[in-house]
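Structure, as structure tokens:
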């Protein structure tokens, strides 16, 4: 958190990737806007479309070159678990 900020960052959670992602190997953390939904008590995530509202951000470490369908990825939920599409 930023010094002096009263906002607390939500923790990263694990979700199952529903679409393969192309990842540029930059050596830096890659962030991708995404849509998370709760299905069968498991979080599932897919990259958001160009103009689609997001409810999460996928975090991919810099050394990661691929993110395939079915992989576990780390996501930061925006607004918590309430309001997730079922």
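Residue numbers (this note's numbering): 530 to 615. Backbone N, C-alpha and C define an ideal beta-carbon position, used for all residues, glycine too.
Continuous beta strand (DSSP E) stretch holding residue i: start and end
i	result
residue 539	Run containing residue 539: none; DSSP gives neither H nor E here.
residue 601	601-606
For residue i, three-class secondary structure by DSSP
i	result
residue 588	strand
residue 576	strand
residue 552	coil
residue 566	strand
residue 475	What the structure shows of the chain is the stretch from 530 to 615, and residue 475 is not part of that stretch, so it cannot be assessed.
residue 560	strand
residue 593	coil
Buried versus exposed, by CB contacts within 10 Å (16 or more), residue i
i	result
residue 585	buried
residue 575	buried
residue 589	buried
residue 570	exposed
residue 567	exposed
residue 521	A query on residue 521 cannot be resolved here, the shown segment of the chain reaching from 530 to 615 and no further.
Contact belief for residue i with residue j at Cβ below 8 Å, rounded distance in angstroms
i	j	result
residue 573	residue 596	Going by Cβ atoms, the distance from residue 573 to residue 596 rounds to 14 Å, so no, they are not a contact pair.
residue 583	residue 564	6 Å
residue 598	residue 546	6 Å
Beta carbon proximity, residue i to chain D, threshold 9 Å
i	result
residue 560	The structure shown contains no chain D; it is built from a single protein chain.
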